[in-house]
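Asks: When the letters of the sequence shown are read in order and numbered with my numbering, they come out as residues 10 to 253.
Every residue, glycine too, gets a C-beta built ideally from N, C-alpha and C.
Sharing a structure, written as structure tokens. Questions coming.
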Amino acid sequence: MAGLAKGLAVIEAFGRSRATLTVSEAAQATGLTRATARRCLLTLTELGYLAHDGKHFRPTPRMARLGQSYARTDPLPRLAQPHLVSAREALGESVSLAVYDDGAAVFVARAETERVVSAGVRVGTRLAACGSATGRVLLAALPDAELDAYLADCRPQPRTPKSLVDVEEIRRQILGVREGGAAVTDEELELGMRSMATPVRDAEGEIRAALSVSAFTARVSLEDMYDQFLPVLQDHAERIGRML
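As structure tokens, this is what we get:
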């Protein structure tokens with residue numbers, strides 16, 4: 010079981026900022042020794058989860074099976090998918106559903122438009138909760154003490170010149186979700202892109218997920234997002250919530 014835990018740590022070391030890993034990088038990212046990291050990488054390669062070019066290790070399509078296990082067994086993505094498709098048709102933009110996991114917004118369902126909006130978000134993508142509209146909606150669900158603890162350790166990493174890095178301003182954005190029911194990022198994750206997210210609440214009123222939409226700034230203004238997009242998102246978020 011200790012070996013399994015080490016292997017999972019290596020798998021989790023891969024991400025948006027680490028498409029490939031060397032043995033040294035894997036050891037540094039996981040806190041394992043170089044020898045242990047190397048054994049884990051080679052075992053994952055032998056099992057077909059990684060490819061190796063002699064220096065770098067890269068995830069193969071087989072790795073997607075691990076995330077699909079969640080998507081296939083948790084009812085939330087399956088229940089939500091028809092509503093994501095309906096919202097996409099109404100808005101003409103890609104719509105996503107995310108849940109909170111250990112300081113990150115994890116995307117578990119998505120309805121894409123035919124038009125390519127951004128290559129940055131796919132099912133399984135993890136975004137730092139403090140830096141995304143989706144994440145700020147999910148952070149708004151935390152009890153005050155947990156939110157304070159999260160923000161005390163938060164070290165925002167700017168993705169663009171417009172990314173918020175002031176923790177108190179991020180706090181205000183999160184608390185604003187509790188009052189206004191939505192969060193917006195304006196070119197914080199990617200220049201030329203805006204995103205809006207709203208909570209999905211269950212029958213007890215607890216936030217279980219966040220429903221979001223992204224659009225090019227040239228196509229959709231902030232006013233459009235609040236006037237046209239938010240009512241659609243909230244309607245579909247409510248419909249999803251009734252099933253939880």
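To the nearest angstrom, how far is the alpha carbon of A89 from that of R97?
Replies: Taking the sequence shown and counting its residues from 1, one reaches residue 89 at position 80. Taking the sequence shown and counting its residues from 1, one reaches residue 97 at position 88. Approximately 12 angstroms between the Cα atoms of the pair.
Asks: Closest to L259 by CA distance: which of P70, M72 and L106 is it?
Replies: The chain is shown only over 10 to 253; residue 259 falls outside these bounds and no answer can be derived.
Asks: Let me make sure I understand the geometry here. Which of L156, I20 and A219 has the alpha-carbon closest to that of V117?
Replies: As a position in the sequence shown, residue 117 is number 108, starting the count at 1. Comparing Cα positions, the closest option is A219.
Asks: Taking the Cβ atom as the reference point for each residue, do L108 and L93 lie within a distance shorter than 7 angstroms?
Replies: Residue 108 sits at position 99 when you count from the first residue of the sequence shown. Residue 93 sits at position 84 when you count from the first residue of the sequence shown. Reading off the sequence shown, one finds Val at residue 108, where the question assumed Leu. No, Cβ-Cβ distance for V108 and L93 is not below 7 angstroms.
Asks: Just to confirm, is the Cβ distance from P165 to G140 under 7 angstroms?
Replies: The residue given as residue 165 occupies position 156 in the sequence shown. The residue given as residue 140 occupies position 131 in the sequence shown. For P165 and G140, yes; Cβs fall inside 7 angstroms.
Asks: Would you be able to state if there are at least three C-beta pairs under 8 angstroms between the segment 193-210 and the segment 233-241?
Replies: At 8 angstroms Cβ cutoff, the stretches touch.
Asks: Looking at R71: is its Cβ nearer than 7 angstroms to the Cβ of Y58?
Replies: In the sequence shown, counting from the first residue as 1, residue 71 sits at position 62. In the sequence shown, counting from the first residue as 1, residue 58 sits at position 49. Against a cut-off of 7 angstroms, the Cβ pair of Y58 and R71 comes out as a contact.
Asks: If you reduce the DSSP assignment to three classes, tell me which class R74 lands in.
Replies: As a position in the sequence shown, residue 74 is number 65, starting the count at 1. Residue state, collapsed to three classes: helix.
Asks: Note down, in chain order, each residue of its chain lying with its Cβ closer than 6 angstroms to the Cβ of P91, except the 5 sequence neighbours on either side.
Replies: On the sequence shown, position 82 is the one that residue 91 refers to. Closer than 6 angstroms at the Cβ level, and outside the excluded window around P91, lies no residue.
Asks: If you follow the alpha helix (DSSP H) that R251 is in, where does it begin and where does it stop?
Replies: Position 242 of the sequence shown holds residue 251. Per DSSP, R251 belongs to the alpha helix (DSSP H) from L239 to R251.
Asks: From K15, L100 and A137, pick the residue whose C-alpha is nearest to that of T122; which is it?
Replies: As a first step, residue 122 is located in the sequence shown; it is residue number 113 there, counting from the start. Cα-wise, what sits closest to T122 is L100.
Asks: Over the uninterrupted alpha helix (DSSP H) stretch that includes H92, give me the two end residues.
Replies: Along the sequence shown, read from residue 1 onward, the residue named residue 92 stands at position 83. First-last of the alpha helix (DSSP H) with H92: P84 to L100.
Asks: Quick one: using the 10 Å Cβ neighbour count with 16 as the cut-off for buried, is A35 buried or exposed?
Replies: Translated into positions along the sequence shown, residue 35 becomes position 26. When all chains shown are included, A35 counts as buried.
Asks: When you compare only the Cα positions, how much space is there between L151 and I183?
Replies: Numbered from its first residue, the sequence shown carries residue 151 at position 142. Numbered from its first residue, the sequence shown carries residue 183 at position 174. Near 10 angstroms, if we compare the C-alpha coordinates of I183 and L151.
Asks: Looking at the structure shown, is Y58 part of a helix, part of a strand, or coil, going by DSSP?
Replies: Within the sequence shown, numbered from 1, the residue matching residue 58 stands at position 49. Looking at Y58 - three-state DSSP - the assignment turns out to be coil, as it is neither helix nor strand.
Asks: Taking just the CA atoms, how far does G144 sit from E196?
Replies: Position 187 of the sequence shown, counted from the start, is the residue given in the question as residue 196. Position 135 of the sequence shown, counted from the start, is the residue given in the question as residue 144. Approximately 15 angstroms between the Cα atoms of the pair.
Asks: Could you spell out where the beta strand (DSSP E) holding R217 opens and where it closes?
Replies: In the sequence shown, the residue the question calls residue 217 occupies position 208. Run containing R217: I216 to F225, per the beta strand (DSSP E) assignment.
Asks: Taking R131 as the reference, which of L160, S221 and R180 has the closest Cα?
Replies: Sequence index remark: in the sequence shown, residue 131 carries index 122 (1-based). With distances taken between Cα atoms, R131 lies closest to S221.
Asks: Among the residues of its own chain, which have a CB less than 6 angstroms from the CB of I249, if the five just before and after it don't count?
Replies: Here residue 249 refers to the residue found at position 240 of the sequence shown. Same-chain partners within the cutoff: A89, H92 and V209.
Asks: May I have the straight-line CA-CA distance separating T69 from E188, to the nearest angstrom?
Replies: The residue you call residue 69 lines up with position 60 of the sequence shown. The residue you call residue 188 lines up with position 179 of the sequence shown. Going from the Cα of T69 to the Cα of E188 covers about 43 angstroms.
Asks: Give me the residue from L253, L148 and A73 with the minimum Cα distance to C163.
Replies: What you label residue 163 is simply residue 154 of the sequence shown in a count that begins at 1. Nearest C-alpha to C163: L148.
Asks: Under a three-way DSSP split, which group does L13 fall into?
Replies: Position 4 of the sequence shown holds residue 13. Looking at L13 - three-state DSSP - the assignment turns out to be helix.
Asks: Output needed for T39: all residues of its chain with C-beta closer than 7 angstroms, excluding positions within five of it in sequence on either side, in chain order.
Replies: On the sequence shown, residue 39 is found 30 positions in, with the first residue counted as 1. Within the same chain, T39 has close Cβ partners A18, V19, A22 and A46.
Asks: My output table needs one value for A36: the three-state DSSP class, helix, strand or coil.
Replies: Against the sequence shown, residue 36 aligns to sequence position 27. It is helical.
Asks: Can you give the beta carbon distance from L253 to A212, rounded, assuming they're within the 8 angstroms contact cut?
Replies: On the sequence shown, residue 253 is found 244 positions in, with the first residue counted as 1. On the sequence shown, residue 212 is found 203 positions in, with the first residue counted as 1. About 7 angstroms; that satisfies the 8 angstroms criterion.
Asks: If you measure between the beta carbons of A114 and V193, is that distance less than 7 angstroms?
Replies: Residue 114 sits at position 105 when you count from the first residue of the sequence shown. Residue 193 sits at position 184 when you count from the first residue of the sequence shown. It is not a contact, given that the beta carbons lie outside the stated cut-off.
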